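Participant: Here the sequence shown stands for residues 1 to 508, numbered as in full-length UniProt numbering. The beta carbon of each residue, even a glycine, is placed where N, CA and C say it ideally should be. Keep in mind that this is a model prediction, so the values were computed, not measured. Can you read through this structure? Questions will come right after.
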Amino acid sequence: MFENVKPITLTLDDAIRQGLTASLSYDFEFLSEEVPGLKVLIFEEDVHSAQLLDLYNIYVEQDIAGMIFRGNLQVDNSIIDYEPDTYACFLWVDGDLTCRNLIAGCVPIHVEGNVTVQQTFIGYYNHGEVTIGGDLHARLWIEDDHQTIVQGRVNAITFGPDEQITTPDYTSWHDVLLPEMAAQLLEDGYLFAGNAELIRLIEEGTPVFKLDLVRTSISSDDFYQLLHNPLFAPGLDFLTVTQKAWALRFSRYGDRPEDWKLDTLYMSNEEEGRAFFISTAPGKPLSFYEEVAENEFKEITDVTTEAGQQLFRYFNKARSVVSAKTTWNGYYKKEIDKEQLWRLIWLFNPANDTDNFTPVATAIFQRVMLAAEYPYTYIHSRYSEDSELRGLDEAPDATLPVSLLDSLLEHGLIAELSYKKPVSAEIHKLNEIGQLYWNTSFATPPPYAENPVSDEYLHFVNAELQPHGAILVRVNAGMGNYLLACMPVANVPQLQQWAEALDVTVEF
1 MFENVKPITL TLDDAIRQGL TASLSYDFEF LSEEVPGLKV LIFEEDVHSA QLLDLYNIYV
61 EQDIAGMIFR GNLQVDNSII DYEPDTYACF LWVDGDLTCR NLIAGCVPIH VEGNVTVQQT
121 FIGYYNHGEV TIGGDLHARL WIEDDHQTIV QGRVNAITFG PDEQITTPDY TSWHDVLLPE
181 MAAQLLEDGY LFAGNAELIR LIEEGTPVFK LDLVRTSISS DDFYQLLHNP LFAPGLDFLT
241 VTQKAWALRF SRYGDRPEDW KLDTLYMSNE EEGRAFFIST APGKPLSFYE EVAENEFKEI
301 TDVTTEAGQQ LFRYFNKARS VVSAKTTWNG YYKKEIDKEQ LWRLIWLFNP ANDTDNFTPV
361 ATAIFQRVML AAEYPYTYIH SRYSEDSELR GLDEAPDATL PVSLLDSLLE HGLIAELSYK
421 KPVSAEIHKL NEIGQLYWNT SFATPPPYAE NPVSDEYLHF VNAELQPHGA ILVRVNAGMG
481 NYLLACMPVA NVPQLQQWAE ALDVTVEF
């Protein structure tokens, strides 16, 4: 079937007995009785192929009832089911599916992850079903008397001659077909999306559809899919997403009296000098506005106007920006040991007062987990000022260790001394943690007082602390300045081990 890939081969009967077809909407027991000898192929690894997948031919010519992919399936060609009213080879993909065109008729297709169709996705005829657990990305999605279920976001221009797609962008073939294709394919203005000639033209790569298609509507589903995007961390009511001249500001409705009472999206482009605003609330329709002056908005009631078309363009760009930043976030997010992080934070407890330190430890834990799981949101939205100061936009890999140290600083549990200023000008910061942990202040005799903090000064201080079983350590995440923590000597080995897991070095 595919070069350099050896699948596991089961009979269809065995696949049925193992429950591999149970989630697909087809009577496979009937098929097995009617057509004995059918096979199911299972691919345990990612599959990448450049060949056309004609699902009907695979079924008829190779006796393959279905193919199951435990990883990703990438086809640098089209996946096509030509036959409108008969069975074809089913597809089950546990990962993501990527292809040039996807044309699904009666065949059941299930993808756990995202589906990316570089050109056209067509679902036609009511015996078929496509289910997508993630997002659908396509240049054009056509749904004609078919059932496609997308659990995630839809990033596609949509066409539906019937009611299968809620508020499609286009409902007339004349609006989406090139004029010469409309003349060739339409009969009295009608075309079935499963038309064999249409499918053949798409397979051959013949231009069929207009290239300047744009969204003509924004539904509540469209809006809420974008609002509830993967960058919106739990517990946040506001989110900012930026890309060059573009700025997106989201807000979400909350039930508490002090919460924001609207779901909104503000979209602006600094270079163009324009901004648009979408707002709604539970049970309310969407409202559209253009910002005509600072904090002054004019409602858009006719989406066919120039302002309405620009609104659609901005909304499409917003989806694209969020998608790109979601990918970025996935690249930089980190898996960390939460229990170990919690224990690390408690090493900084200045007393045995558990009740008072618990809310502090919880706040530190939540900030570090935000940096680990939502680095984009941490840098550009929730802690944008701190992140700009630390240069995290240019060094996002440092987000996790920096978040820990900045959170400890925020709660006064460590001190940050400039490596440029004399110790005498910075000693008050060190004395604050000295008083907190050991009820002591630090001396600054010559020559240390007029020089910046140095390893030599730390050696001097630690010699003074040694009789008390304490030590001053530098916690370093490459932030330039000296970040110092006061700690019992006995805790230092544990601190070193747990901090190293977060890319923080402990020096003394």
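By alpha-carbon positions, which one of Ser251, Gln497, Val402 ends up nearest to Leu347?
Facilitator: Residue numbering aside, residue 347 sits at position 347 when the sequence shown is read from its first letter. When each option's Cα is compared against that of Leu347, the closest is Gln497.
Participant: Per DSSP, what kind of secondary structure is Gly123 in: helix, strand or coil?
Facilitator: Within the sequence shown, residue 123 is the residue found at index 123, counting from 1. Three-state result, Gly123: strand.
Participant: To test your reading of the DSSP string, which unbroken alpha helix (DSSP H) runs of 4 or more residues are found completely within the region 436-504?
Facilitator: List check, alpha helix (DSSP H) in window: 455-465, 492-500.
Participant: For Glu290 versus Phe276, is the C-beta distance shorter than 8 Å?
Facilitator: Here the question's residue 290 lines up with position 290 in the sequence shown. Here the question's residue 276 lines up with position 276 in the sequence shown. Yes, they are a contact pair.
Participant: Output the boundary residues of the alpha helix (DSSP H) element that contains Asn329.
Facilitator: Taking the first residue of the sequence shown as 1, we reach residue 329 at position 329. From DSSP, the alpha helix (DSSP H) with Asn329 extends over 306-332.
Participant: What residues in its chain sit with their C-beta under 6 Å from that of Thr116, if we drop five residues either side in the sequence?
Facilitator: Taking the first residue of the sequence shown as 1, we reach residue 116 at position 116. Thr98, His137, listed in sequence order.
Participant: Cα separation between Glu83 and Pro36?
Facilitator: As a position in the sequence shown, residue 83 is number 83, starting the count at 1. As a position in the sequence shown, residue 36 is number 36, starting the count at 1. Each residue's Cα considered, the two are about 21 Å apart.
Participant: Is it buried or exposed for Tyr457, if we count other Cβ within 10 angstroms and need 16 for buried?
Facilitator: As a first step, residue 457 is located in the sequence shown; it is residue number 457 there, counting from the start. It is buried - the Cβ of Tyr457 has at least 16 other Cβ atoms within 10 Å.
Participant: Is the region 104-122 in contact with the region 4-18, if contact means three or more CB pairs nearer than 8 Å?
Facilitator: The region 104-122 is not in contact with the region 4-18.
Participant: Among Ile142, Lys421, Asn462, Asp355, which residue has its Cα nearest to the Cα of Val440?
Facilitator: Start at 1 with the first residue of the sequence shown, and residue 440 comes out as number 440. Here the sequence assigns Thr to residue 440, which means Val is not the residue at that position. Measuring from the Cα of Thr440, the nearest candidate turns out to be Asn462.
Participant: Can you tell me which residues form a DSSP beta bridge with Val506?
Facilitator: Working through the sequence shown from its first residue, we reach residue 506 at position 506. Looking at the DSSP assignment, Val506 forms a beta bridge with Val475.
Participant: Would you list the one or two residues that DSSP bridges to Gly66?
Facilitator: Working through the sequence shown from its first residue, we reach residue 66 at position 66. According to DSSP, Gly66 bridges with Val40, Phe90.
Participant: 8 Å is my cut-off, CB to CB: does Tyr419 come that close to chain D?
Facilitator: The question asks about chain D, but that chain is absent: this structure has only one protein chain.
Participant: What does DSSP give as the partner residues of Ile218 in its beta bridges?
Facilitator: Translated into the one-based positions of the sequence shown, residue 218 becomes position 218. Per DSSP, none; premise fails for Ile218.
Participant: If you run the structure through DSSP and keep just helix, strand and coil, what is Ser251?
Facilitator: One-based indexing of the sequence shown puts residue 251 at position 251. Note: Ser251 maps to strand in three-state DSSP.
Participant: What do you get for Pro446, buried or exposed, if any count of 16 or more other CB atoms within 10 angstroms of its CB means buried?
Facilitator: Residue mapping note: residue 446 aligns to position 446 of the sequence shown, counting from 1. By the 10 Å Cβ count, Pro446 comes out exposed.
Participant: In chain order, what residues of the same chain have a beta carbon less than 7 Å from the beta carbon of Ile199, not counting five sequence neighbours either side?
Facilitator: Numbered from 1 along the sequence shown, position 199 holds the residue referred to as residue 199. Taken in chain order, the residues that qualify are Ile80, Tyr82, Ile103.
Participant: Roughly how many whole angstroms lie between the Cα atoms of Gly330 and Ser49?
Facilitator: Here residue 330 corresponds to residue number 330 of the sequence shown, with the count starting at 1. Here residue 49 corresponds to residue number 49 of the sequence shown, with the count starting at 1. Spanning the two alpha carbons is a distance of roughly 26 Å.
Participant: Less than 8 Å between the CB atoms is what I'm expecting for Val107 and Phe69, so what's the real figure, rounded?
Facilitator: The count along the sequence shown starts at 1 and reaches residue 107 at position 107. The count along the sequence shown starts at 1 and reaches residue 69 at position 69. About 15 Å separates the two Cβ atoms, so there is no contact after all.
Participant: Can the beta-carbon of Trp342 be found closer than 8 Å to that of Phe365?
Facilitator: The residue labelled residue 342 in the question sits at position 342 within the sequence shown. The residue labelled residue 365 in the question sits at position 365 within the sequence shown. Yes. Within cutoff.
Participant: Can you give me the start and stop residues for the beta strand (DSSP E) that Pro108 sits inside?
Facilitator: Mapped onto the sequence shown, residue 108 falls at position 108. 108-111 is the extent of the beta strand (DSSP E) around Pro108.
Participant: If contact is defined by three or more beta carbon pairs under 8 Å, each pair taking one atom from either stretch, is the region 229-237 in contact with the region 361-380?
Facilitator: Touching, per the Cβ criterion.
Participant: Would the beta-carbon of Ile414 fall within 8 Å of that of Ala485?
Facilitator: Mapped onto the sequence shown, residue 414 falls at position 414. Mapped onto the sequence shown, residue 485 falls at position 485. For Ile414 and Ala485, yes; Cβs fall inside 8 Å.
Participant: Cutting at 6 Å between CB atoms, please list the residues of its own chain near Asp76, excluding the five before and the five after it.
Facilitator: Numbered from its first residue, the sequence shown carries residue 76 at position 76. Here the set comprises Ala50.
Participant: From the DSSP output, in three-state form, read off Leu392 for me.
Facilitator: The count along the sequence shown starts at 1 and reaches residue 392 at position 392. It is coil, neither helix nor strand.
Participant: Three or more C-beta pairs closer than 8 Å, one from the region 421-436 and one from the region 385-403: is that the case here?
Facilitator: Touching, no, given that fewer than three Cβ pairs across the two stretches are closer than 8 Å.
Participant: Can you give me the C-alpha to C-alpha distance between Glu270 and Thr264, rounded to a whole angstrom?
Facilitator: Translated into the one-based positions of the sequence shown, residue 270 becomes position 270. Translated into the one-based positions of the sequence shown, residue 264 becomes position 264. When rounded, the distance between both Cα atoms is 19 Å.
Participant: Is His137 helix, strand or coil when you go by DSSP?
Facilitator: In the sequence shown, residue 137 corresponds to position 137, counting from 1. Of the three classes helix, strand and coil, the one that applies to His137 here is strand, per DSSP.
Participant: If you drop the 5 nearest sequence neighbours on each side, which residues of the same chain put their C-beta closer than 8 Å to that of Lys333?
Facilitator: Here residue 333 corresponds to residue number 333 of the sequence shown, with the count starting at 1. Ala372, Glu373, Tyr374, Pro375.
Participant: How would you label Arg215, buried or exposed, when you count the other beta carbons within 10 angstroms and need 16 or more for buried?
Facilitator: Here residue 215 refers to the residue found at position 215 of the sequence shown. So Arg215 ends up on the buried side.
Participant: Hey, out of Ser23, Tyr266, Ala398, Leu177, whose CA is closest to Ala318's CA?
Facilitator: As a position in the sequence shown, residue 318 is number 318, starting the count at 1. When each option's Cα is compared against that of Ala318, the closest is Tyr266.
Participant: Taking Gly273 as the reference, which of Tyr314, Glu507, Met181 has the closest Cα?
Facilitator: Locating residue 273 in the sequence shown gives position 273, where the first residue counts as 1. Considering only alpha carbons, the answer is Tyr314.
Participant: What does the alpha-carbon distance come out to for the pair Leu430 and Leu417?
Facilitator: Position 430 of the sequence shown holds residue 430. Position 417 of the sequence shown holds residue 417. Roughly 8 Å between the two C-alpha positions.
Participant: Mapping DSSP to helix, strand and coil, what is Gly298?
Facilitator: Within the sequence shown, numbered from 1, the residue matching residue 298 stands at position 298. Rather than Gly, the amino acid found at residue 298 in this sequence is Lys. Strand at Lys298.
Participant: DSSP three-state label for Met181, please.
Facilitator: For the purposes of this step, residue 181 is taken as residue 181 along the sequence shown, with counting starting at 1. Note: Met181 maps to helix in three-state DSSP.
Participant: Along the chain, where does the alpha helix (DSSP H) containing Glu258 start, and where does it finish?
Facilitator: In the sequence shown, counting from the first residue as 1, residue 258 sits at position 258. From DSSP, Glu258 is part of no alpha helix (DSSP H); its letter is neither H nor E.
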